[in-house]
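Asker: I have a structure I would like to understand better, so I am pasting it below and will then ask my questions one at a time.
Right, here's the structure in full:
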């Protein structure tokens, strides 16, 4: 069936989803809302959209809209989830659900109680490389898992004032990797050790955060997960994982813009990784939305649940505490 | 401006172009024609198309249509080019223009005389890897060129009855590589040596063709180009080039479906190349059409001209003669 | 000048050194000692050696011998170092110096006080890949260092009875990686977090050890080092490092037995890593001995000092404590 | 048994063999001869050699010497082979046997008639990569062979005066690749097409030679072999092959000095290929000599026969004729 949609928030992520939705024949994009909606009027026109509004309520109260995408700032996610659920609308919400565990859980519960579908925007689950590994792991290609290594580094640090409101690196950035650890392994975290340094930008340190971080997750069954993060990999967006088990190893390297190798007096050269998450995860962004829309027409559940969003948040909170208190934090403390 | 289009031929290639055109906002796809148009009625509906006809004339005579895509069998290309040119329509025509050099030249001349744009479907010029090399070569990264190596192998041989009407491997398959040689190097062919064997399928030999071929092109200035072809690379579509010059080498490997490396007791494994030309050149097919449409609105010429189509044909004819006569053929013989 | 040598211990490592020493023109290999010296009589003859004895004292008391290689079991290292130092002989000693920090320090001090040279057998410092990285780092290629990742996995677990006397994975295996962390970064460890599981062989767990381990080292200046170990990588000896800093990343992959790529219906295949440390570090073993012998004739110090041996031991002891007490251990606790 | 050897010629290749022979316990290196023997007196002393002479006859007439290595200039090869054979000595001779087919054949026949062993120095047959492919091909891993591609490029051109006496690129350089074609495929050449240009150094052209060459070999059974050569690959010694058949492809890349990957703002970088044949084929040079010596003690034949030397020479002569006459040359013309 055709879905009638509204999108709240037209920032960077909002526009990715809007562009992808606009190209889907089974979707009718009815309204997009943003306090600065005027800023995207030209862009919306260029892809044939009207239905622009400053008011999210115009979407939440529109009975013709059956599905809402929430791409607004984090602090409004829980409220919009709750309101959309109350209005009986299906929901796609960007990560994190909230910086507060109680509010996040309540919002997810509201959606569950209302019987609407809620998918959280952990886009990396849809990446061709990580999905290939997940499926091989699920098929038993590695036997029992022993180690997972996740490298996740941004090409450039965010502005320090963004950092100040982000909840810290673990809630803002590593939360994707915490979800990846659960996605790739299929098991839950038991304890967390996190440590970090401010080595990239002193302003990040002054904002109370670190820009270089290492997290070790001890998972059910003895599996260990290592995550390393940096806010600045000067060579581009670095997104690699390795899963190692009794039968071997699966390792996803970075995608590159081309397969050209250059040999000169200076050695052998390849292009670096795709520069930013928009390019690297372009296919993943398309697929997470497509699979969400497809799921709405089926009995089964969405591919990333509200509970997944809450669990990643719990791990991020534990990591933040571990960093501050310089100790291992058990998950049942959170 | 918005272009109003008709597409003649809805076979495999025709549908690729139709799907790509259907997603372009600056294009209005008015009619598609095919003798078996009923076979694609459902597919056309699924992407929102109507305007289906069995008659190419319905497109060629429609004054509202300003641009025609010719994706019909090779033997009709020259006629449709000539008719579309006479009707003042811009033309995108699949390769080869014709199997006969005289007819091909006349058709290209007709388009030129009519002042319409004509682009030939050498899609590989738009591949991200080959274009990267072309641009580096043009920028002087390699200095004087000394050697070009082109590997072009299909995953599976065509049916022998297709082979019988194809004009032979050089006109049907290597013609892409002949164009690639000119595209990558920027210079023209002076002489051709070609040889081949029937090693894949005896039926191809009975149809008078070879399925394994090697061609050496001697180019202006002394550059040598080596092309190797096979109708059957069991590991997938193998499309690689190397350009070697005074300052080094640029080499394009195959694209793979993912960047995952598997280490097991059996060794280290990667996925093979993308299996078929539809996947490998999906991006190239999108871009050749987009650039053609963009070119129509600009003063400049199209990125692949009718003359390019004729020149590749001349080389293919020379190669065919070389194979048969077991000797070097000078281009001015053709 | 020509060095006259004795080697104590003719086990696996002893024989590597003996074979390498036998091919060096500037070395005269006078005696080799082992309680089971009969077992290697044929092998010694095959490379032209005589001077076989069961008694290490025959070496330590031989005034003609100026340099001793100690390749006996760990528990005898400190004693032989002390005796050789007292006899004024230069010493090459396998790692670890001792499992006890006090005894190890005393032995190293004895060598220092005696004015003899003492090199510890951290062979990996001489590996072509790691040395390339070390030299680039020292030359400033990466700017400030932010992260180091070390993967060190054996192809097969040792027998459980070996494990029982080994001092545990951190003293037996990871000690090489602790030295590597110091070697690559040039800075010292401040605190250690280690965790592990027994996932490969339950007998290792019964022996009180783990076979899968993760260690995080917090280094001076905020650099974080991650080490992952496994006693069983079924695909072969896995020895990789990455050093990441302000200016980029240097990553050493595994060496392979050949550079052949196989493309078949099953995908693309490479040979796995070199199977065992003997092959992987064959060149490193040659070079560590050669550089030690060369150093004896020069004023400078040996490339791996006794202090390096003690420092790696301290880190290993801290890691062992961290594993047992499930907490971060500060280096000044050890 | 112990072999007593003499080596005639102490140039670059001669010294490689001498150094390798000096480290072999089953070899007694009795004499080395060179008109400029004084130039290598210090070097010989450094590896413990005496028995230096200016006169090859001192070797050929020494009854204690059972095996001779001929590493002198090409024009003396046939004569020394004939004399050594007459003296009943086994012979290792560098390639080419001679520039003249008649003289080469006569020399090989002399060795055969005398019942001595004769091995030709096609060192690349012993390279770990090419041998891996050869053995896989022989084991049937590729099924019927369809195509072979050989890339063989030197890092720097030789002096033009060397070129003048070399017999031309096909006799001097490509002769290795002609042997490789036979070695990898196991079948014989039927016809040859060769073409080339002078693009690297005009002095090479003035000396009557080309520095850039392409050869196509049509082999028994329809297999096609493509060889490309350049006298100057600025990035280093480029030695790659691909064998393609019914079941897939085996491709040997270049060996590199290390396995380090560097990621910086400038992209991803690897070291180039090993720079020169001395490094690239160090292992192959050791193994060809070791296998030759081993073969002398066994009933079987040597791994590269005199007939192999003659056959490669015939192909090189055919290629030279093809280049000059701009036509395909049948092997039975030579």
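Protein chains in written order, with my numbering: chain U, 206 to 539; chain E, 206 to 539; chain D, 206 to 539; chain C, 206 to 539. Each residue gets a CB set at the ideal place from its N, CA and C atoms; glycine is no exception.
Interface residues of chain U around residue 592 of chain C at Cβ under 8 angstroms?
Answerer: Lying before the first or after the last residue shown, residue 592 of chain C is absent from chain C, which here runs from 206 to 539.
Asker: For residue 438 of chain E and chain D, any beta-carbon pair shorter than 9 angstroms?
Answerer: yes
Asker: Rounded to whole angstroms, what is the Cα-Cα separation between residue 501 of chain U and residue 425 of chain D?
Answerer: 53 angstroms
Asker: Any C-beta of chain E sitting closer than 9 angstroms to the C-beta of residue 465 of chain U?
Answerer: yes
Asker: So, helix, strand or coil for residue 357 of chain C, using DSSP?
Answerer: Three-state DSSP puts residue 357 of chain C in a strand.
Asker: Can you name the residues of chain D whose CB is closer than 7 angstroms to the CB of residue 355 of chain C?
Answerer: Chain D residues near residue 355 of chain C: none, gap ~14 angstroms exceeds 7 angstroms.
Asker: Hey, residue 382 of chain D and residue 434 of chain D: beta-carbon distance below 9 angstroms or not?
Answerer: yes
Asker: Leaving out the 5 sequence neighbours to the left and right, which residues in its chain are closer than 6 angstroms to residue 266 of chain C when beta-carbon positions are compared?
Answerer: none
Asker: Could you name the residues of the stretch 367-378 of chain D whose beta carbon sits closer than 8 angstroms to any beta carbon of chain U, in the order they occur along the chain?
Answerer: none
Asker: Beta-carbon separation of residue 297 of chain U and residue 219 of chain U under 9 angstroms?
Answerer: no
Asker: Indicate whether residue 430 of chain C and residue 353 of chain C have their beta-carbon atoms separated by less than 9 angstroms.
Answerer: yes
Asker: With a threshold of 16 other CB atoms inside 10 Å of the CB of residue 259 of chain C, please say whether the residue is buried or exposed.
Answerer: exposed
Asker: Evaluate the contact criterion for the stretch 344-359 of chain U versus the stretch 451-462 of chain U: three or more CB pairs, one atom per stretch, below 8 angstroms.
Answerer: Flag = yes, the stretch 344-359 of chain U and the stretch 451-462 of chain U touch.
Asker: If we ignore side chains and look at the alpha-carbon of each, how far apart do residue 341 of chain E and residue 480 of chain U end up?
Answerer: 20 angstroms
Asker: Is residue 229 of chain D helix, strand or coil when you go by DSSP?
Answerer: coil
Asker: Tell me which residues share the same chain as residue 294 of chain U and place their Cβ nearer than 7 angstroms to its Cβ, disregarding the 5 neighbours each side in the sequence.
Answerer: 270, 271, 272, 273 and 321
Asker: Could you tell me which chain A residues have their CB closer than 8 angstroms to the CB of residue 222 of chain U, listed as they occur along the chain?
Answerer: Note that chain A does not occur in the displayed structure, where the protein chains are U, E, D and C.
Asker: The stretch 331-354 of chain D: which residues have C-beta closer than 7 angstroms to a C-beta of chain C, in chain order?
Answerer: Result list: 333, 334, 337 and 338.
Asker: Across the stretch 281-294 of chain C and the stretch 487-498 of chain C, are there enough close Cβ pairs to call them in contact, namely three or more that are closer than 8 angstroms?
Answerer: no
Asker: So that I know if they touch, is there some Cβ in chain D lying closer than 9 angstroms to that of residue 544 of chain E?
Answerer: Residue 544 of chain E cannot be examined here, being either before or after the span of chain E that is shown, 206 to 539.
Asker: Per the contact definition of three or more C-beta pairs closer than 8 angstroms, is the stretch 400-411 of chain D in contact with the stretch 212-229 of chain C?
Answerer: Put simply, the stretch 212-229 of chain C does not touch the stretch 400-411 of chain D. Fewer than three CB pairs are less than 8 angstroms apart.
Asker: Would residue 468 of chain D pass as an interface residue toward chain C - the criterion being a Cβ-Cβ separation below 9 angstroms?
Answerer: True, the Cβ-Cβ gap to chain C drops below 9 angstroms.
Asker: Cβ atoms of residue 511 of chain U and residue 212 of chain U: under 9 angstroms apart, would you say?
Answerer: no
Asker: Determine, using beta carbons only, whether residue 517 of chain D and residue 236 of chain D come nearer to each other than 9 angstroms.
Answerer: no
Asker: Between the alpha carbons of residue 374 of chain D and residue 305 of chain D, how many angstroms are there, rounded?
Answerer: 15 angstroms
Asker: How many angstroms separate the CA atom of residue 231 of chain E from the CA atom of residue 247 of chain U?
Answerer: 16 angstroms
Asker: Which of the three DSSP states is assigned to residue 273 of chain D in this structure?
Answerer: Looking at residue 273 of chain D - three-state DSSP - the assignment turns out to be strand.
Asker: Please state whether DSSP places residue 528 of chain E in a helix, a strand or coil.
Answerer: helix
Asker: For the stretch 385-410 of chain D, which residues have a CB atom closer than 9 angstroms to at least one CB atom of chain C, in sequence order?
Answerer: none
Asker: So, does the CB of residue 433 of chain U fall closer than 9 angstroms to a CB anywhere in chain C?
Answerer: It does not; no Cβ of chain C falls within 9 angstroms.
Asker: Taking a cut of 9 angstroms between CB atoms, which residues from the stretch 441-453 of chain D lie near chain U?
Answerer: Of all residues in the stretch 441-453 of chain D, only 443, 447, 449, 450, 451, 452 and 453 come within less than 9 angstroms of chain U when Cβ atoms are compared, listed by chain position.
Asker: Could you work out which residue in E:330, E:504, E:310 and E:421 is closest to residue 515 of chain E when comparing CA atoms only?
Answerer: E:310
Asker: Around the C-beta of residue 370 of chain E, are 16 or more other C-beta atoms found within 10 angstroms, so that it is buried, or is it exposed?
Answerer: exposed
Asker: At a CB-CB cut-off below 7 angstroms, which residues of chain U make contact with residue 539 of chain D?
Answerer: Those within 7 angstroms of residue 539 of chain D in chain U number zero; the least Cβ separation is about 17 angstroms.
Asker: Strictly by DSSP, which residues pair up with residue 394 of chain U?
Answerer: According to DSSP, residue 394 of chain U bridges with U:424.
Asker: Per the DSSP calculation, residue 429 of chain D is bridged to which residue(s)?
Answerer: D:352 and D:423
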